[in-house]
Amino acid sequence: MGKSPTLEFDSKWDLSPAPESTGHINLKDQYDLFIGGKWVKPSSKKYFDTINPATEKVIAKVAEANEKDVNRAVQSARKAYNEVWSKLSAGERGKYIYRIARLIQERAREFSVIETMDGGKVIRESRDVDVPLAAAHFFYYAGWADKLKYAFPNRNPQPLGVAGQIIPWNFPLLMAAWKIAPALATGNTVVIKSAETTPLTLYKLAEVIESAGLPPGVVNIVSGAGETGAAIVNHRDVNKIAFTGSTGVGKIIQRAVVGTNKKTTLELGGKAANIVFEDAPLDQAVEGIINGIYFNQGHVCCAGSRLFIQESVKDIVLRKLQDRMESLIVGDPMDKNTDIGAINSKEQLGIIKKYIEVGKKEGATMYQNTCDLPKKGYWCRPTLFTNVSQSSRIVQEEIFGPVLAVQTFRTIDEVISKANNSPYGLSAGVWTDKGSKIFNLTSQMKAGIVWANSYNKFDPTSPFGGYKESGFGREGGLHGLKPYLNL
Amino acid sequence: MDLVIFVEQQAFMGKSKAPQIPDFRLSPRIDQVGVGDRISRITTRSIKSSSKLQGLKMILNMIDLTTLEGADTQGKVSQLCNKAKFLHGSNPDLPTVAAVCVYPNFVSQAKKALLGTNINVASVATAFPAGQSSLDVKISDTKLAVDNGADEVDMVISRGRFHQGEYNYVFDEIAAVKEACGSARLKVILETGELGALDKVRRASDIAIYAGADFIKTSTGKISPAATLPVTCVMLEAIRDYFYESGTMIGMKPAGGISNSKLALQYLMLVKETLGDAWLSNQWFRYGASSLANDVLMQIEKQRTGNYQSKDYFSKD
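Taken in sequence, the protein lines are chains B and L. Take 620 as the starting number for the first sequence in the numbering used here and just add one per residue. Take 61 as the starting number for the second sequence in the numbering used here and just add one per residue.
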């Protein structure tokens, strides 16, 4: 065929910096625990730094909650449940939740800037995805608060009591909304722990909860690492554990709650198959592949990290994909034009780099885009690997970074068996112009969410959750009420 | 003209590689929602300060300054040509527009007025804007424009035949007009507002490109909707696929409805991210617009002086 013609994406017309202003945000140097409606010093007397992964600078010091602090939080949640929250009418509960939703909207800019500073995600995403979706979740569940009997006809839905919730670092505010909103709507009180690297927006949410006038103790917010989480899971007076995070920790939690009457939902890892058929709208599929794997630097449990391309269109899809990757801008997450921000932490960057090395060692062919990276901070170029197989570690294991493993397939049966050949089963994507093929695949895919001709689309009305080692229980939609109720 | 001969001719004329003519019924399918997603990434690009100024100057240089009215007069055309040459007297550092676009009977006048400049004269032809006439009439309309000195010809496709599935007819008609153009560059107007779906936009783009279009163009500007970002995105992707296939560059011209700088910058960003730097020139990208130039001028003056100026400081022609 000879040398194929190439497109150039160098620099004839560069974008000037367009940083989002940060002057309007209000951050304290130090954050204490939010327990019983008050800001409380940790009895551990320990504080840890939370840093901006794009600059490696310390943003604030945050209290580390120990077992004693967690106990205090659970006690105040129990007190609030017994004395106030369970006695309130459902309509009144709904009002508080609506108020939280509106206050998040009012302070949306501040939330998105802080989310970007603390986690490294690009401002375009925190502004257009994380914060609006978080508000939408509160709005949605506020509406359910006084309609639970209609959600579960002929049942008598009753709250569980105190819900212990543990959220991950990839979508801090959004995951808090996914957890807190249904818990409050169903009449439970909450003890929630933020992730170690991204505690700030949850404490900003505490400020919102204060201004919403929520009765003290209904929502208690603590921060810390694994031990703090363990204290919540193991506390005897917690009725429900909702966890989003790694499959490893999920298994530990599962063991810990065996023999107790704690209800559990686990939303764990994933290694989603994104399947492109030859009759798919290829240019849009390429956009969906990009969205699927490089959204939030690939720190997404439902990321489409395994790409399956039908043999006949492999070359053209890869070529389009590489050209699209060239137009992605990696760098300062606060710049409105940045497509891929900073890796959340040094530790995570190490994990991603390790997997990239593993991929190379296993003989896979690597392609990365050629953009410049900033000197300070934690960065990883969007990466894809070809010449991989089902037995490659980068195909089997969750990397949680911007790394895509590409394989080809010939027949539908082949791709279904390859896609399902994973211990995970959170999500999948299917790209084809043929409706019947979509229905065939969605019914055979062992995955909780299957997107057709789209990827990473979220809506509070739609349930989210996994099969197999991706966990159990659903969040979002009517299904998301169930794990917080005795029916 | 026989298709086989046509393809051989193209190959002979030194186009890098003439790819096989595909079955246009099998043109790639387009997902409208996906195109919308792509466009939302483009429209949230923030184009500021020096990159904005650079973009605005590029846009100015890509405009086909257009007048296509029944009410056009020699006076109007001569005013337009003057505007093309001297966009804004108080800022001499500005580029000129790419071309002036008129009806065939004004071509020789415009050609004379623009003598000695780099500004091309483009003429619409082929029973513009409806295209409701015989092939003979369309060919003589084209010849009239070319004989009068048009550097570029903007033709319309036969939408009726296209919707009837007579793709060979549409193809042959474009090829025949291309032949009549001689050395003039041919822009093929798809009138996407009449095509009804992005799938059809893609199919019409493929037909036009394979039949010999130098540019593909969205609209006549006579119906609504005219150019839109999603339609332009699909057409740019058709151009890209042809480039992958053959190494041959095809130009793109959105026309109609682009009246402000912000929107024009978004089009430019779409070109940059879809086709890359090589297309960022008036050889390969044009705006068909009558009122865009003044808004771009106003923005450039704002960037230069720091203040917005009254519309009355910019000539209306």
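We treat Cβ as the ideally placed atom computed from N, Cα and C, and that holds for glycine. As the structure is a computational prediction, the values presented were derived from the model and not from experiment.
*Establish whether the CB of residue 1077 of chain B and some CB of chain L are separated by less than 9 angstroms.*
No, no contact with chain L.
*Does any C-beta atom of chain L lie closer than 9 angstroms to the C-beta of residue 728 of chain B?*
So no, residue 728 of chain B is outside the interface.
_Taking 9 angstroms as the threshold (beta carbon to beta carbon), is residue 962 of chain B in contact with chain L?_
no
*Can residue 1026 of chain B and residue 928 of chain B be called in contact, C-beta distance under 9 angstroms?*
yes
*Note down, in chain order, all residues in the stretch 307 to 339 of chain L with a beta-carbon under 7 angstroms from any beta-carbon belonging to chain B.*
307, 332, 333, 335, 336, 337, 338
*Would you report the Cα separation of residue 878 of chain B and residue 1094 of chain B, rounded to the nearest angstrom?*
24 angstroms
_Please classify residue 756 of chain B as buried or exposed, where buried requires at least 16 neighbouring CB atoms within 10 angstroms._
buried
_Rounded straight-line distance, which links the Cα of residue 891 of chain B to that of residue 925 of chain B_ = 6 angstroms
_residue 989 of chain B and residue 743 of chain B - do their beta-carbons sit closer together than 9 angstroms?_
Not a contact, by the Cβ cut-off of 9 angstroms.
*Only counting runs of 3 or more residues, tell me where the beta strand (DSSP E) segments fall wholly within the stretch 229 to 287 of chain L, in order along the chain.*
For the stretch 229 to 287 of chain L, whole beta strand (DSSP E) runs of length 3 or above, ordered along the chain, are 245 to 249, 275 to 277.
*So which of L:369, L:189, L:305 has the shortest CA-CA distance to residue 252 of chain L?*
L:189
*With C-beta atoms as the reference, is residue 183 of chain L less than 9 angstroms away from residue 208 of chain L?*
Going by C-beta atoms, residue 183 of chain L is nearer than 9 angstroms to residue 208 of chain L.
*asked:* If contacts are defined as beta-carbon pairs under 8 angstroms, then residue 342 of chain L and residue 165 of chain L qualify, I think. What distance do you get, rounded to the angstrom?
replied: Not confirmed; about 25 angstroms, so no contact.
_residue 707 of chain B versus B:804, B:911, B:842, residue with shortest Cα-Cα distance_ = The closest CA to that of residue 707 of chain B, considering only B:804, B:911, B:842, is found on B:804.
_Just checking: is the beta-carbon of residue 72 of chain L within a distance shorter than 9 angstroms of some beta-carbon in chain B?_
Bear in mind that a pLDDT of 45 at residue 72 of chain L, under 50, signals an unreliable position, so the number given afterwards is only what the model happens to contain. No, residue 72 of chain L lies away from the interface with chain B (no Cβ there is under 9 angstroms from its Cβ).
*asked:* Can you check which of these residues, B:702, B:818, B:745, is closest to residue 647 of chain B by C-alpha distance?
replied: B:818
*Between which two residues does the alpha helix (DSSP H) containing residue 969 of chain B stretch?*
965 to 980
_Can you tell me whether residue 289 of chain L is buried or exposed? The criterion is at least 16 other CB atoms within 10 Å of its CB, across all chains shown._
Around the beta-carbon of residue 289 of chain L, 16 or more other beta-carbon atoms lie within 10 Å, marking it buried.
*Smallest Cα separation from residue 302 of chain L: which of B:623, B:1106, B:1057, B:972?*
Answer by Cα proximity: B:623.
*Would you tell me roughly how many angstroms separate the C-alpha atoms of residue 912 of chain B and residue 883 of chain B, rounded to the nearest one?*
Going from the Cα of residue 912 of chain B to the Cα of residue 883 of chain B covers about 29 angstroms.
*State buried or exposed for residue 643 of chain B, treating a residue as buried only when at least 16 other CB atoms are found within 10 Å of its CB.*
exposed
*asked:* On the DSSP bridge list, what partners appear for residue 927 of chain B?
replied: B:894, B:1026
_Looking only at its chain, what residues have a beta carbon closer than 6 angstroms to the beta carbon of residue 726 of chain B, apart from the 5 residues adjacent to it on each side?_
Contacts found: none.
*asked:* Check for me: the beta strand (DSSP E) holding residue 1070 of chain B runs from which residue to which?
replied: 1068 to 1071
*Can you tell me whether residue 278 of chain L is buried or exposed, with buried defined as 16 or more other CB within 10 angstroms of its CB?*
buried
*Can you say whether residue 777 of chain B is buried or exposed, counting buried as having 16 or more other CB atoms within 10 angstroms of its CB?*
exposed
_With a threshold of 9 angstroms between beta-carbons, can residue 104 of chain L be considered close to chain C, or not?_
Absent from the structure is chain C; the protein chains it does hold are B and L.
*Can you name, in chain order, every residue of its own chain whose Cβ lies under 7 angstroms from the Cβ of residue 318 of chain L, other than the five neighbours on each side?*
287, 324, 327, 347, 349, 352
*CB contact below 9 angstroms: residue 110 of chain L versus chain B*: yes
*Could you spell out the range, first to last residue, of the alpha helix (DSSP H) harbouring residue 828 of chain B?*
819 to 830
*Locate the beta strand (DSSP E) running through residue 183 of chain L, then write down its first and last residues.*
180 to 184
*If we call anything under 9 angstroms between Cβ atoms a contact, is residue 167 of chain L one with residue 205 of chain L?*
Yes.
_Between the CA atoms of residue 675 of chain B and residue 953 of chain B - distance to the nearest angstrom_ = Going by the C-alpha atoms only, they are around 14 angstroms apart.
*Per DSSP, cross-strand counterpart(s) of residue 1046 of chain B*: B:1068
*C-beta atoms of residue 820 of chain B and residue 795 of chain B nearer than 9 angstroms*: yes
*residue 61 of chain L by DSSP, collapsed to three states: which one?*
Only weak support exists for where residue 61 of chain L lies, its pLDDT of 42 falling under 50; the value from the coordinates is given anyway. DSSP places residue 61 of chain L in coil when its eight states are reduced to three.
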